[in-house]
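One structure below.
Residue numbers (our numbering): 571 to 708.
Encoded structure:
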């Protein structure tokens, strides 16, 4: 099952400044930052996107975006997935929901058309099999 059209690695940190020192040092590029709803920085190495979020909690997981996330959430619920948190939009439709995998990874589903969001140019969807076998390509 495809959870979304775009995804990000989400890392909750209590020390955004300390975390940024690591990502800056190893060569990740800052592509966005802000303070609303919490201080955050979005990084990329052109292979993945990492959201560092200082919301007072420590966690790691994935955020998936799709304009049809309500349907995805319904399928997951029918499969027995229990959401820890779920919010609705002003019209009462699914907006966002979080569940945990058995090994504790947070999965956040967001009903949002992410067409304008940054997408890394190097990812598994657009690499040939030969490039996948060559670690110098990523």
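The C-beta atom is built at its ideal place from N, Cα and C for all residues, glycine as well. Treat the numbers as computed from the prediction; the structure is a model and nothing was measured.
For residue i, the three-state DSSP class (helix, strand or coil)
i, result
"residue 654", "coil"
"residue 640", "helix"
"residue 666", "strand"
"residue 675", "coil"
Integer-rounded CB distance, given that residue j should sit under 8 angstroms from residue i
i, j, result
"residue 640", "residue 678", "About 15 angstroms separates the two Cβ atoms, so there is no contact after all."
"residue 670", "residue 654", "6 angstroms"
"residue 615", "residue 598", "5 angstroms"
"residue 583", "residue 589", "5 angstroms"
"residue 620", "residue 593", "7 angstroms"
"residue 612", "residue 602", "4 angstroms"
Straight-line gap, residue i to residue j (C-alpha atoms, nearest Å)
i, j, result
"residue 649", "residue 595", "42 angstroms"
"residue 604", "residue 610", "6 angstroms"
"residue 608", "residue 623", "7 angstroms"
"residue 618", "residue 631", "13 angstroms"
"residue 652", "residue 643", "10 angstroms"
"residue 698", "residue 706", "13 angstroms"
"residue 628", "residue 701", "35 angstroms"
"residue 665", "residue 606", "18 angstroms"
heavy atom of the ligand NAD below 8 angstroms from residue i C-beta
i, result
"residue 635", "Absent from the structure shown: the ligand NAD. Ligands present: none."
Discussion item. Quick check for students: name the residue ranges of the beta strand (DSSP E) that lie wholly in the stretch 573 to 638, counting only runs of 3 or more.
Written reply: Residue ranges of uninterrupted beta strand (DSSP E) with 3 or more members, entirely inside the stretch 573 to 638 and ordered along the chain, are 576 to 582, 599 to 604, 610 to 614, 619 to 623 and 629 to 636.
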